[in-house]
Ligand SMILES: [Zn+2]
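In this note's numbering, the protein residues as written are 3 to 464.
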């Protein structure tokens, strides 16, 4: 295991790309069994790397000493490559998650975070029909439960292309989106969704309050996990929420990640992985009380938490909060053991997956992928699966066709390619929409093709 703290960075001029790139050079150190940068002797000259400072928990500042899972070095999951960049150096960053032994927040270690993660984000929410239905249903639920109307203000953090706020706006409810990626915010503005291009935190919240903007409903779907400065973000929510306002946040549930072996949902844009037990502590430390929680099927199992100011007691704390916390305690999420055992489970899955693929290739079978989601890039890079095992993948999104997966350089084609090449196996990479893909691609059975799902374990669907 090579440590990022032992890697000096060197700036080189790349010959085929016109931009200057920082190349991280690995140096063999002899400390191959080290598990954490803090184990490295402090006087080592090699420590002048990108991560010489010992990591601390991003919520409680306790030193991070326990690995949750180490997925090695990986490129950014959305850094798709065009043909002309195939001969250029790619940047790889450590994908090493820790668990805090004090608050049990599972988190990605600090690394030299590239601005490119969010500034030109490739993901447009509106391209997924199921996600749009989810957003519409959420809107109906909120209006019905809390009675929002044209006198209310809805504010969404990380509002993407306005995919959700459009439904509130259709009901005449004033909306405001806050979105750091300028290219997606522009799409929202074009749809008539007012959008502020900013990162959210205390500073942005204060600016809005000074302009008399505060939220009756403050929401964020799949943003809490993406926030590097968690405390500043939640402190900002405390400021932006009206005294009698309600907040909701959705994020993948770490219980499902562990139980269903969803290690491929770990990537650089996801800094934190929450249980209800931990997220409740985070909000409580900023004067916010969680009064309800729902379990959702999205992203393999997510939570939607409902919060309010701690002194706004006219909304009572519902039973579901205590029930789910009890379930988490039952599963051991308040103990270190379950977290530190996860890494072994992942290694075993990798061996099983590679055995299947290698056996199939030895039998002369062809294997192609379906989908090019971010999670596929974690999986394929961690397992070292390239075109030697999977010939190509396909994706419906025209933005991805013609490009190559980062790191593994597997080409992405239009789904029609499958009918042309008639592969023996179709590996479904976005397992969360497995059923949809199986019914859509049913015709592979005409030539005896079979579907394969790799997560939580290899499963062939005949
Ligand atoms: Zn902590």
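Virtual Cβ for every residue (Gly too), placed ideally from N, Cα, C.
Beta-carbon proximity check, residue i vs residue j, cutoff 8 Å
{"i": "residue 284", "j": "residue 61", "result": "yes"}
{"i": "residue 388", "j": "residue 412", "result": "yes"}
{"i": "residue 443", "j": "residue 372", "result": "yes"}
{"i": "residue 445", "j": "residue 70", "result": "no"}
{"i": "residue 380", "j": "residue 110", "result": "no"}
{"i": "residue 330", "j": "residue 277", "result": "yes"}
{"i": "residue 454", "j": "residue 428", "result": "yes"}
{"i": "residue 233", "j": "residue 252", "result": "no"}
{"i": "residue 165", "j": "residue 137", "result": "yes"}
{"i": "residue 67", "j": "residue 103", "result": "yes"}
{"i": "residue 383", "j": "residue 410", "result": "yes"}
{"i": "residue 193", "j": "residue 168", "result": "yes"}
{"i": "residue 275", "j": "residue 376", "result": "no"}
{"i": "residue 396", "j": "residue 417", "result": "yes"}
{"i": "residue 158", "j": "residue 78", "result": "no"}
Close beta carbons around residue i, own chain, < 7 Å, minus the five adjacent residues each side
{"i": "residue 20", "result": "Its pLDDT being 37, under 50, residue 20 is placed unreliably in this model, and the coordinates cannot settle the point."}
{"i": "residue 356", "result": "385"}
{"i": "residue 405", "result": "82, 83, 84 and 414"}
{"i": "residue 240", "result": "288, 289 and 290"}
{"i": "residue 208", "result": "241"}
Residue i: first and last residue of the uninterrupted beta strand (DSSP E) it sits in
{"i": "residue 379", "result": "It is not in any beta strand (DSSP E) - residue 379 instead sits in the alpha helix (DSSP H) that spans 376-385."}
{"i": "residue 309", "result": "304-311"}
{"i": "residue 371", "result": "369-372"}
{"i": "residue 109", "result": "108-110"}
{"i": "residue 407", "result": "No beta strand (DSSP E) holds residue 407; DSSP gives it neither H nor E."}
{"i": "residue 452", "result": "452-455"}
{"i": "residue 222", "result": "217-223"}
Inter-residue Cα distance where the pair is residue i and residue j
{"i": "residue 16", "j": "residue 230", "result": "Only weak support exists for where residue 16 lies, its pLDDT of 37 falling under 50; the coordinates are left without a value."}
{"i": "residue 515", "j": "residue 107", "result": "Residue 515 is absent from the model: the chain starts at 3 and stops at 464."}
{"i": "residue 210", "j": "residue 449", "result": "60 Å"}
{"i": "residue 314", "j": "residue 198", "result": "28 Å"}
{"i": "residue 189", "j": "residue 401", "result": "15 Å"}
{"i": "residue 181", "j": "residue 415", "result": "30 Å"}
{"i": "residue 150", "j": "residue 456", "result": "43 Å"}
{"i": "residue 464", "j": "residue 362", "result": "15 Å"}
{"i": "residue 256", "j": "residue 155", "result": "31 Å"}
{"i": "residue 133", "j": "residue 299", "result": "11 Å"}
{"i": "residue 246", "j": "residue 311", "result": "7 Å"}
{"i": "residue 213", "j": "residue 202", "result": "16 Å"}
{"i": "residue 451", "j": "residue 76", "result": "31 Å"}
{"i": "residue 391", "j": "residue 358", "result": "10 Å"}
{"i": "residue 91", "j": "residue 249", "result": "43 Å"}
{"i": "residue 292", "j": "residue 316", "result": "13 Å"}
Local conformation of residue i per DSSP, three classes
{"i": "residue 153", "result": "coil"}
{"i": "residue 171", "result": "helix"}
{"i": "residue 1", "result": "Any question about residue 1 goes unanswered here, given that the chain covers just 3 to 464."}
{"i": "residue 444", "result": "helix"}
{"i": "residue 162", "result": "coil"}
{"i": "residue 389", "result": "coil"}
{"i": "residue 262", "result": "coil"}
{"i": "residue 181", "result": "coil"}
{"i": "residue 327", "result": "helix"}
{"i": "residue 212", "result": "helix"}
{"i": "residue 89", "result": "coil"}
{"i": "residue 282", "result": "helix"}
{"i": "residue 80", "result": "coil"}
{"i": "residue 319", "result": "coil"}
Enclosing alpha helix (DSSP H) for residue i [first to last residue]
{"i": "residue 60", "result": "Careful: residue 60 lies outside any alpha helix (DSSP H) and carries neither H nor E."}
{"i": "residue 341", "result": "338-342"}
{"i": "residue 134", "result": "131-148"}
Close Cβ partners of residue i (< 6 Å) along its chain, the five nearest in sequence each way excluded
{"i": "residue 196", "result": "178"}
{"i": "residue 458", "result": "262 and 263"}
{"i": "residue 141", "result": "169 and 170"}
{"i": "residue 57", "result": "66, 111 and 112"}
Close-in-space but distant-in-sequence residues of the same chain around residue i (CB under 8 Å, 5 per side omitted)
{"i": "residue 279", "result": "106, 327, 330, 331, 335 and 336"}
{"i": "residue 302", "result": "254, 258, 259, 262, 264, 267, 433 and 434"}
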